[in-house]
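One structure is given here, and the rest of the page talks about it.
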Amino acid sequence: MKFLECAVRDVIYGTNVRIVKPVNIYECELRDNVFVGPELPRESWRLNFLRKR
């Protein structure tokens, strides 16, 4: 059996942010009213929700 680690680190976040694990999010900014979960395509994160520092 193999266990995979997930992490949320170095994140700046606004209000009403929901994160459902398993996800790996790091060094980014989540704006207000954002949902991030395992079913959300990575491209959507980049285009709509995340802004790299």
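Numbering (our numbering), first residue to last: -7 to 45. Each residue gets a CB set at the ideal place from its N, CA and C atoms; glycine is no exception. None of the values given here were measured: they were computed from a predicted structure.
_Looking at the secondary structure, which residues open and close the beta strand (DSSP E) in which V0 lies?_
For the purposes of this step, residue 0 is taken as the residue at position 8 of the sequence shown. Start and end: -1 to 5.
*Under a three-way DSSP split, which group does L(-4) fall into?*
Locating residue -4 in the sequence shown gives position 4, where the first residue counts as 1. Coil at L(-4), not helix or strand.
*Check whether the Cβ atoms of V15 and V26 lie closer than 7 Å to each other.*
Position 23 of the sequence shown holds residue 15. Position 34 of the sequence shown holds residue 26. It is not a contact, given that the beta carbons lie outside the stated cut-off.
_Closest by C-alpha distance to I4, when choosing among R23, P30, V12_ = Residue mapping note: residue 4 aligns to position 12 of the sequence shown, counting from 1. Looking at the Cα atoms, R23 is the closest of the given residues.
_Minimum C-alpha distance to Y97 - residue among V12, G6, C(-2)_ = Nothing about residue 97 can be reported from this structure: the residues present for the chain run from -7 to 45 only.
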